[in-house]
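*Asks:* The numbering of the sequence shown is this note's numbering, which starts it at 3 and goes up by one.
Following this message is one structure expressed as structure tokens.
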Amino acid sequence: MPEADTEGNRYYADQVQKTPGFFLKGSHQLDWGMKNRLARVFDPRSGRTVMLAVDHGYFQGPTTGLERIDLSIVPLLPSCDALFCTRGILRSVIPAESGKPMVLRASGGPSILREELSDEQIAMDMEDAVRLNAAGVGIQVFIGGEFETRSVHNMTKLIDAGVRVGMPVMGVTAVGKNMVRDAKYFRLACRIIAELGAQYVKTYYVDEDFETVTASCPVPIVMAGGKKLAELDALTMAYNAVQQGAAGVDMGRNIFQSDDPKAMIAAVHAVVHKNVRPADAFEMFQSLTAKGRSPTKEACRS
Ligand code: 5RP
């Protein structure tokens, strides 16, 4: 086995990577179509995105909050910048009139009934993503997982297909149950995903040294939400992530499992696009909830 170099420590997190002529990190030398799709997902005004992740059914079935996507998620569409979903939900539930950019889950295989989840394959042709007018596709990459090589190869095949048609690929750092979730792991995983060509990376927030994860990744990072937290904690995590260099979030459960998803996504939007502090965003969440201005809540009441 070749001797591994020790990891560096010169991240210069305070020095922004230059992207002359385009607003998004590492994307300035891409083709027009790729840039155009990225500019639909990431708001050029803030350089950030609030993606709403609802792809969970691809291995978990009708999980909490996603039992009826037509009732719980469709009313949230106006409040997100992009939806991350499967092509099955897109075709069957999401109104084609929606002007929102759609990023499609492109990997699949094992369900939650299996112990080993890393045994995924590409689960969608790039041709279908184009047919569906997708703004991007997303794929799990299991760095350190049992099927690491296969999942990396899945991603590179998808990237090659994406480059041919101008479709950005979001590589998702998928962490095995017993693996350590720290900055060192995410630096490694995000960097491998970016080096192998993904146009952006979805990864988890870590309390320590997250800025080294974003600084050492040459393409944008969107923060994954993870398990449901109290609203203030989720807003704090999103705030810290964007302040430490993330180009937004791709959050699911912390939005759709909230007592008031509509109010929560509005608060996340304020944190991500307006740098509103967590305490103020939480106040906003509470006041929207109190005013009952949430269409989702109203739909549930009627
Ligand atoms: C896991 C995924 C999920 O399918 C989903 O998008 C996660 O969203 P959240 O953790 O915010 O509920 O990509 O890696």
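Here a beta-carbon is modelled for each residue, glycine too, at the ideal position from N, C-alpha and C.
Nothing here was measured: the structure is a model prediction, and the numbers come from that model.
1. Pull the bridge partners of Met53 from the DSSP assignment, please.
2. Using a Cβ-Cβ cutoff of less than 7 Å, which residues in the same chain neighbour Asp83 once the five nearest sequence positions on both sides are dropped?
3. Looking only at its own chain, which residues have a Cβ that is under 7 Å from the Cβ of Ile145, when we skip the five neighbours before and after it?
4. Helix, strand or coil: how does DSSP classify Asp181 here?
5. Once the 5 residues before and after Ala137 are set aside, which same chain residues still bring their CB inside 7 Å of it?
6. Can you tell me where the alpha helix (DSSP H) with Leu237 in it begins and where it stops?
7. By Cβ distance below 7 Å, which residues in the same chain neighbour Cys302 in space, the five residues on each side in sequence not counted?
8. May I ask you to report which of helix, strand or coil DSSP gives Gly140?
9. What did DSSP end up calling Ala301 once you bin it into helix, strand or coil?
10. Could you spell out the range, first to last residue, of the alpha helix (DSSP H) harbouring Gly351?
11. List the whole-angstrom C-beta distance separating Ala15 from Thr238, where the pair is believed to meet the contact cut-off of C-beta under 8 Å.
12. Taking CB distances under 7 Å as the criterion, tell me whether Arg12 reaches chain B.
13. What does a CB cutoff of less than 7 Å around Val274 pick up in its chain, not counting 5 residues either side in sequence?
14. Can you give the beta carbon distance from Tyr202 to Phe188, rounded, assuming they're within the 8 Å contact cut?
15. Just the C-alpha distance for Ser304 and Leu73, rounded to the nearest angstrom, thanks.
16. Are the beta-carbon atoms belonging to Asp57 and Phe86 less than 7 Å from one another?
17. Please tell me whether, using a cut-off of 6 Å, the distance from the CB of Met253 to the nearest non-hydrogen atom of ligand 1 is below it.
18. Between Glu99, Ser109 and Arg133, which has its C-alpha nearest Val143's C-alpha?
19. Quick one: does the C-beta of His271 sit closer than 6 Å to a heavy atom of ligand 1?
20. Hey, Val270 and Ile257 are a contact pair by Cβ (cut 8 Å); roughly how many whole angstroms apart?
21. By the 10 Å Cβ neighbour count, where 16 or more other Cβ atoms means buried, how is Ser153 classified, buried or exposed?
22. Just checking Asp121 against ligand 1 - is the residue's beta carbon closer than 6 Å to any of the ligand's heavy atoms?
23. Any heavy atom of ligand 1 closer than 6 Å to the CB of Ala240?
24. Return helix, strand or coil for Tyr14, following the three-state DSSP convention.
25. Opposite Gly110 in the DSSP bridges: which residues?
*Replies:* Short version:
1. Ala84 and Asp252
2. So the qualifying residues of the chain are Val43, Asp45, Thr51, Val52 and Met53.
3. Thr175, Leu190, Ala191 and Ile194
4. The residue you asked about is not Asp; residue 181 is Met in the sequence shown. It is coil, neither helix nor strand.
5. Arg39, Arg42, Val43, Ala84, Pro103, Met104 and Val105
6. Glu233 to Gln245
7. Here Cys302 scores only 37 on pLDDT, less than 50, and its place in the model should not be relied on; the value that follows carries that caveat. Answer for Cys302: no residue qualifies.
8. Strand at Gly140.
9. At Ala301, the pLDDT of 42 sits below 50, so the modelled position is not reliable and the matter cannot be decided from this model.
10. This structure does not reach residue 351, given that the chain is present from 3 up to 304, and the question cannot be answered.
11. In fact, because the Cβ distance is near 19 Å, the residues do not count as touching under 8 Å.
12. In the structure shown, chain B cannot be found, because there is only a single protein chain.
13. Once the five neighbours on either side are set aside, the close Cβ partners of Val274 are Arg50, Val52, Ala240, Val244, Gly250 and Val251.
14. Contact flag wrong, Cβ pair sits at about 14 Å.
15. Reliability of the predicted coordinates at Ser304 is poor, the pLDDT of 31 falling under 50, and the value obtained from them is presented with this limitation in mind. Using only the alpha carbons, I get a separation of about 12 Å.
16. It is a contact, given that the beta carbons lie within the stated cut-off.
17. yes
18. Ser109
19. no
20. 7 Å
21. With at least 16 other beta carbons inside 10 angstroms of its own, Ser153 counts as buried.
22. no
23. Residue side-chain check: Ala240 keeps its Cβ at 6 Å or more from all non-hydrogen atoms of ligand 1.
24. Note: Tyr14 maps to coil in three-state DSSP.
25. Gln123
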